[in-house]
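First up is the structure itself, then whatever we jot down about it.
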Amino acid sequence: MTAEIIDGKAFAARLRQSIGNEVTRLQNEHSLQPGLAVVLVGEDPASQVYVRNKGTQTREAGMQSFEHMLDVSVSENELLALIERLNDDNAVHGILVQLPLPAHIDESRILRAINPLKDVDGFHPVNVGGLCIGDPSALAPCTPVGCLLMLKDYFDGSLAGKNALVIGRSNIVGKPMAQLLLKESCTVTIAHSRTQDLPGVCRAADIVIAAVGRSEMVRGDWIKPGAVVIDVGINRIQSDETQKPKLVGDVAFFEAAETAGALTPVPGGVGPMTIACLLRNTVVSACRQAEVECRL
Ligand code: NDP
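Residue numbers for the sequence shown follow numbering that gives the first Met the number 0, so the first one is 0 and each next one is one higher.
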């Protein structure tokens with residue numbers, strides 16, 4: 000293996016440490032304690048784990064965590080009423096509604112009801128549009144922000160002129176990732192299920208972001224020598240060796256590691272960065288709402 004492994008777990012721990020320090024400063028200098036409200040509808044076990052982890056990490060950073068666990072039968076109007084209360088609550092600076100929502104609730108109606116200033120997931124059309132037009136106050140979705148922070152760290156700050164390929168065009172990862180890379184002056188290509196000759200397109204990329212949801216789809220011989228590969232995929236498969244479930248990414252890790260300059264592992268790469276970036280977005284939002292400087 001020749002590639003450098005980008006350790007997202009360690010990167011996220013350092014980021015959470017600096018967020019914790021900033022929260023302490025905001026409390027001492029401005030009596031401001033950032034608060035994050037997380038809303039979960041239903042009892043999906045994976046979502047429950049995410050919400051618990053978010054709550055724990057929010058409290059560990061010295062912030063307030065408000066968890067709202069609602070029964071799966073909650074009506075759309077009841078959920079809208081809760082969001083309205085959270086929008087009006089001065090202790091709540093960030094609101095996250097865990098997706099997916101049950102089929103009887105209109106997801107886009109719920110996301111649009113969140114005050115854009117508190118939309119720490121960056122899914123409100125005001126923030127999506129703000130990201131597209133380069134509005135510096137737009138809140139960007141957490142997973143792509145985490146990918147960008149790791150890339151900027153690897154390239155010592157500047158990505159200008161790099162050929163970046165984003166595989167996947169979802170609203171949660173692919174599209175905002177492409178916008179963030181464009182903002183950094185990369186030459187951006189977005190690939191999807193209808194892209195012709197994806198291996199060939201990939202071989203021209205200095206940066207590859209794989210956000211597809213297909214286990215180990217990106218093979219080693221797709222990677223340009225020295226390219227940096229960020230693997231967003233989380234796929235649960237059965238291990239051939241142990242016959243137990245295991246997580247793999249969208250990139251064939253050991254093959255890619257022979258050619259890439261650097262890459263992120265799964266688990267331990269992009270995953271840990273997502274919650275750290277959620278905390279970061281919450282602190283940034285709290286500072287904007289309180290009209291004080293944010294030093295993150
Ligand atoms: P979506 O299913 O919403 O989007 C997948 C994208 O991949 C689509 O744009 C689709 O194209 C494209 N695609 C599917 N098959 C192919 C193919 N054969 N070749 C090229 N492109 C293809 O997924 P998400 O963006 O929500 O998530 C992607 C992955 O990232 C998942 O594994 C998910 O679990 C993971 N994830 C990880 C997070 C983290 O914190 N680490 C956070 C969010 C997601 P088309 O549009 O044409 O259908």
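Glycine included, C-beta positions come from ideal geometry on N, C-alpha and C.
Using the three-state DSSP reduction, which class does residue i fall into: helix, strand or coil?
i	result
PRO198	helix
GLY19	helix
THR330	Not covered by the structure: residue 330. The range shown for the chain is 0 to 295.
ASP87	helix
GLN237	strand
LYS243	coil
THR1	coil
THR270	Looking at the sequence shown, residue 270 is not Thr but Gly. GLY270: helix per DSSP, three-state reduction.
GLY93	strand
VAL283	helix
Taking only the alpha-carbon atoms, compute the straight-line gap between residue i and residue j and give it to the nearest angstrom.
i	j	result
GLN242	GLU257	26 angstroms
GLU290	ILE5	35 angstroms
ILE229	ARG202	15 angstroms
LYS53	ASP134	27 angstroms
SER192	GLU66	37 angstroms
VAL200	LEU81	46 angstroms
ILE113	GLN178	22 angstroms
TYR153	GLN97	31 angstroms
GLY248	VAL211	9 angstroms
ILE109	ILE208	29 angstroms
ASP43	GLY160	42 angstroms
ILE236	MET0	23 angstroms
GLU292	GLN195	47 angstroms
VAL50	LEU69	12 angstroms
LEU31	VAL22	8 angstroms
Under DSSP, the alpha helix (DSSP H) around residue i begins and ends at which residues?
i	result
PRO135	It is not in any alpha helix (DSSP H) - PRO135 carries neither H nor E in the DSSP assignment.
ARG193	Run containing ARG193: none; DSSP gives neither H nor E here.
SER107	106-112
LYS151	141-153
PRO124	124-131
I need the boundaries of the beta strand (DSSP E) containing residue i, first residue and last residue.
i	result
ALA163	162-166
ALA177	Careful: ALA177 lies outside any beta strand (DSSP E), inside the alpha helix (DSSP H) at 173-182.
ALA209	206-209
ILE229	227-230
(message) At 4 residues or longer, what runs of the alpha helix (DSSP H) sit wholly inside the segment 21-81?
(response) 44-59
(request) Quick one: residues with CB closer than 5 angstroms to any heavy atom of the ligand NDP, in chain order, please. (result) THR142, GLY167, ARG168, SER169, ILE171, VAL172, HIS191, SER192, ALA210, VAL211, GLY212, VAL231, GLY232, ILE233, VAL269, GLY270, THR273
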